[in-house]
Amino acid sequence: MIMSVLLVNKNNFDSVITSNKPVLLDFYADWCGPCRMVSPLVEEIAEENPQYLIGKINVDKEPELAQQFKVLSIPTLAVIKNGKIVSQSAGARPKREILALLEG
Numbered sequence: 037m038i039m040s041v042l043l044v045n046k047n048n049f050d051s052v053i054t055s056n057k058p059v060l061l062d063f064y065a066d067w068c069g070p071c072r073m074v075s076p077l078v079e080e081i082a083e084e085n086p087q088y089l090i091g092k093i094n095v096d097k098e099p100e101l102a103q104q105f106k107v108l109s110i111p112t113l114a115v116i117k118n119g120k121i122v123s124q125s126a127g128a129r130p131k132r133e134i135l136a137l138l139e140g
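For this note's numbering, count along the sequence shown from 1 and bump the result up by 36.
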């Protein structure tokens with residue numbers, strides 16, 4: 037895993053969502069095919085866009101966080117600004133759509 041992507045869990049979650057940067061959370065599972073397609077895109081975005089905080093949440097290890105975001109299918113991408121969810125999208129997306137979520 038590239039260092040620019042933060043593995044988010046219930047211990048560091050509060051510090052992540054209170055970041056002064058826009059936050060992109062990628063809810064995924066290791067066994068999920070579409071998640072494996074989205075993962076390299078999320079890592080690229082993290083590397084190319086230091087103005088964003090990019091985190092990944094493994095739904096199998098952090099079911100409470102998945103529940104808090106009402107994640108029903110994965111991958112789910114959630115964008116948080118100023119501690120509030122501003123957009124959320126389920127399913128694999130091309131890189132430009134993920135960036136559009138963040139910029140929106």
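Positions of the beta carbon are idealized from the N, C-alpha and C atoms, including for glycine. Since the structure is predicted, the reported quantities are computational estimates derived from the model, not experimental observations.
Rounded straight-line distance, which links the Cα of L60 to that of E139: As a working note, residue 139 is residue 103 in the sequence shown. As a working note, residue 60 is residue 24 in the sequence shown. Cα to Cα, E139 sits roughly 11 Å from L60.
CB-CB length for V78 against I134, believed under 8 Å: What you label residue 78 is simply residue 42 of the sequence shown in a count that begins at 1. What you label residue 134 is simply residue 98 of the sequence shown in a count that begins at 1. Going by Cβ atoms, the distance from V78 to I134 rounds to 7 Å, so yes, they are a contact pair.
Residue span of the alpha helix (DSSP H) that contains F1, given as start and end: Nothing can be reported for residue 1, as the shown portion of the chain is limited to 37 through 140.
Given D66 as reference, the closest of K106, L101 and K97 once Cα atoms are compared: Working through the sequence shown from its first residue, we reach residue 66 at position 30. When only C-alpha atoms are compared, the closest one is K97.
Nearest-angstrom Cα separation, counted from G119 out to T54: Numbered from 1 along the sequence shown, position 18 holds the residue referred to as residue 54. Numbered from 1 along the sequence shown, position 83 holds the residue referred to as residue 119. A straight line joining the alpha-carbon of T54 with that of G119 spans about 5 Å.
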